[in-house]
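In my numbering, the protein residues as written are 20 to 157.
Quick reminder that beta carbons are idealized off the backbone N, C-alpha and C, glycines included.
Because the structure is a prediction, the values reported are computed rather than measured.
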């Protein structure tokens, strides 16, 4: 089997150089917007429509207090921001290394599992947060 045949049987596509760069640019933009305060005070559409907190409610304040060096207060606002920040730092480091070395360190399958797990964790957290709100109101 030749190299061309083996590469055509790969099950997971690779990030190309521009894909890695784009992801890093998006991450840096979001952190930059948070840092200058442009994302603070944006109303939550879900909460405005339903009166219930969404899985992300409190995330901006939690990130701001974490960035200010107050992790306990950050946990009070949103308990998933600290693990999210750690995952983001890890992802940024790996993507930067991959971009600089032009080689894949972590496969797309692994990134998909990591992202899928994070979304599922937020979803479960959101369900518990909504249930807690409903039971304390009634």
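DSSP state of residue i, grouped into three classes?
i           : result
residue 91  : helix
residue 124 : coil
residue 102 : helix
residue 142 : helix
residue 118 : helix
residue 75  : coil
residue 63  : coil
residue 155 : helix
In whole angstroms, give me the CA-to-CA distance for residue i and residue j.
i           : j           : result
residue 74  : residue 90  : 19 Å
residue 130 : residue 62  : 30 Å
residue 72  : residue 109 : 28 Å
residue 101 : residue 93  : 8 Å
residue 125 : residue 41  : 17 Å
residue 122 : residue 105 : 23 Å
residue 80  : residue 96  : 7 Å
residue 112 : residue 43  : 9 Å
residue 147 : residue 128 : 29 Å
Round the Cβ separation of residue i and residue j to the nearest angstrom and send it over; I've been treating them as touching at under 8 Å.
i           : j          : result
residue 144 : residue 99 : 6 Å
Cβ of residue i less than 9 Å from any chain D Cβ?
i           : result
residue 149 : Protein chain content of the structure displayed is limited to a single chain, and chain D is not contained in it.
- Decide yes or no for the touch test of the stretch 114-123 against the stretch 69-86: beta carbon pairs closer than 8 Å, at least 3 of them. no
- Message: Counting beta carbon pairs with one atom in the stretch 130-141 and one in the stretch 63-70, are three or more of them shorter than 8 Å?
- Response: no
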